Ligand code: WQD
């Protein structure tokens with residue numbers, strides 16, 4: 007079965023691509039490489055070649071705002087008698103802070119780009135999609151752990167684009183309820199790396215997220231971690247989040263794909279997290295304990311768009327998809343550090 011994986015050279019996309027290829031799926035990656043490196047694709051191939059695995063992987067440089075090229079990709083696939091049967095849609099911009107600075111870019115890429123993709127899927131009678139949504143849509147939490155029916159009130163433009171896309175899914179599903187199969191996965195905080203160290207997280211420029219910042223301090227690329235606030239309403243004053251191993255998250259996508267394949271039509275929204283919350287200080291100390299590194303830090307003021315506490319209720323993922331996280335926070339630290347140690351400058 008051919009899977010179109012948009013954003014397949016990014017941190018999450020590359021890990022999902024590797025898992026799909028190992029499981030024998032035919033994977034067609036499209037990526038604009040605006041926020042990722044083509045070397046991630048090479049690293050995937052190196053890993054699979056290293057294991058003497060056969061695989062079907064094609065990569066096309068494509069921005070999802072280019073509707074003409076999207077259409078050509080679907081048509082060419084059909085002409086090769088290898089039609090795209092399902093889509094895993096990850097392509098999009100994901101920096102909370104950047105979305106405040108350039109909101110229209112986020113609405114253009116994330117929302118208009120996704121609209122292009124869905125329209126092209128519709129035109130080519132491809133009605134099956136797994137989507138990369140985000141816990142950011144919940145905004146300020148009034149009940150913890152967060153269930154899928156928690157109030158949706160994003161507090162940043164990035165989160166608002168994800169809500170707009172989920173609303174698109176509601177309308178699209180209602181317009182053709184017998185055909186569409188949609189599973190929107192609401193990620194909490196993906197972290198870590200593939201245990202082989204071949205692929206991992208390599209943000210462009212200064213990392214926005216905590217984990218890659220910590221691994222870059224550990225590798226000497228950065229001097230210390232800025233802790234954005236130690237006066238939050240949490241046990242130790244630093245922000246609490248739900249960190250999920252990237253391999254657990256990737257396996258969740260395979261489960262979602264299987265779920266869509268076994269259903270005639272559906273529209274589901276599912277949290278993917280570890281179900282546990284850890285503070286920034288707990289993460290730093292776990293990382294130091296697991297890896298033996300020293301992670302100096304400096305307390306800074308709170309960051310725009312941040313909140314005190316967020317972690318998932320993952321019972322729906324367990325009941326609907328038969329999925330549960332298997333890896334610990336220690337494994338996240340060890341695997342993330344192995345990747346960074348082997349690739350001190352990422353994919354460059
Ligand atoms: C985690 C904690 C920060 C960096 C965002 C998006 C979310 C998802 C993951 C896409 C917070 C603190 C961080 C640093 C710090 N992305 N922190 N120093 O903000 O929970 O989630 O990225 O889907 O949608 O909203 O992740 O890693 O940026 O922050 O103290 O240098 O670490 O305040 O408490 P976040 P994060």
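In this note's numbering, the protein residues as written are 7 to 354.
Ideal placement from N, C-alpha and C gives every residue a C-beta, glycine not left out.
Note that the coordinates shown come from a computational prediction; the quantities given were computed from them, not determined experimentally.
Own chain residues within Cβ distance below 7 Å of residue i, not counting five before or after
i           : result
residue 79  : 36, 66 and 68
residue 280 : 248, 249, 250 and 331
residue 42  : 15 and 16
residue 8   : 32, 34, 83, 88, 89, 90 and 91
residue 313 : 146 and 147
residue 13  : 19, 37, 96, 97 and 98
Those residues which DSSP pairs with residue i across a bridge
i           : result
residue 191 : 138 and 276
residue 105 : DSSP output for residue 105 lists no bridge partner at all.
residue 175 : DSSP output for residue 175 lists no bridge partner at all.
residue 92  : 9
residue 63  : 33
residue 349 : Residue 349 is not bridged to any residue.
residue 233 : 305
residue 285 : 246
residue 318 : 152
residue 209 : Paired residues: none, contrary to the question.
residue 259 : In the DSSP output, where bridge partners are listed per residue, residue 259 has none listed.
Check: residue i C-beta below 7 Å from any heavy atom of the ligand MG
i           : result
residue 142 : As for the ligand MG, it is missing from this structure, which binds only the ligand WQD.
Rounded straight-line distance, which links the Cα of residue j to that of residue i
i           : j           : result
residue 239 : residue 143 : 21 Å
residue 303 : residue 230 : 5 Å
residue 44  : residue 274 : 32 Å
residue 99  : residue 87  : 32 Å
residue 149 : residue 315 : 10 Å
residue 146 : residue 101 : 18 Å
residue 343 : residue 189 : 32 Å
residue 338 : residue 127 : 35 Å
residue 179 : residue 185 : 8 Å
residue 170 : residue 323 : 22 Å
residue 307 : residue 235 : 5 Å
residue 173 : residue 272 : 15 Å
residue 177 : residue 165 : 19 Å
residue 110 : residue 50  : 33 Å
residue 262 : residue 121 : 21 Å
residue 11  : residue 309 : 32 Å
residue 167 : residue 133 : 21 Å
residue 138 : residue 256 : 11 Å
residue 290 : residue 182 : 48 Å
residue 326 : residue 27  : 24 Å
residue 191 : residue 154 : 10 Å
residue 270 : residue 136 : 15 Å
Contacts around residue i, its chain only, beta-carbon distance under 6 Å, and the 5 residues preceding and following it disregarded
i           : result
residue 252 : 21, 196 and 198
residue 219 : 213 and 231
residue 47  : 15 and 65
residue 62  : 32
residue 258 : 278 and 329
residue 354 : none
residue 333 : 251 and 254
Cβ-based neighbour list, residue i, same chain, cut-off 8 Å, excluding 5 preceding and 5 following
i           : result
residue 29  : 260
residue 200 : 21, 24, 53, 206, 252, 253, 341 and 345
residue 317 : 150, 151, 152, 194, 246, 247, 248, 279, 280, 281, 282 and 283
residue 39  : 15 and 67
residue 125 : 73
I'd like to know if the stretch 10-28 and the stretch 187-203 are in contact, where contact means that at least 3 CB-CB pairs between them fall below 8 Å. A contact exists between the stretch 10-28 and the stretch 187-203.
Give a yes or no on contact between the stretch 345-352 and the stretch 215-227, applying the rule of three or more CB pairs nearer than 8 Å. With a cut-off of 8 Å, the stretch 215-227 and the stretch 345-352 count as touching, because enough Cβ pairs lie within range.
Contact the stretch 285-294 vs the stretch 204-212: 3+ CB pairs below 8 Å: No: the two stretches stay apart, fewer than three of their Cβ pairs being nearer than 8 Å.
Is the stretch 154-168 close to the stretch 105-120, with three or more CB pairs under 8 Å? With the cut-off at 8 Å, the stretch 154-168 and the stretch 105-120 touch.
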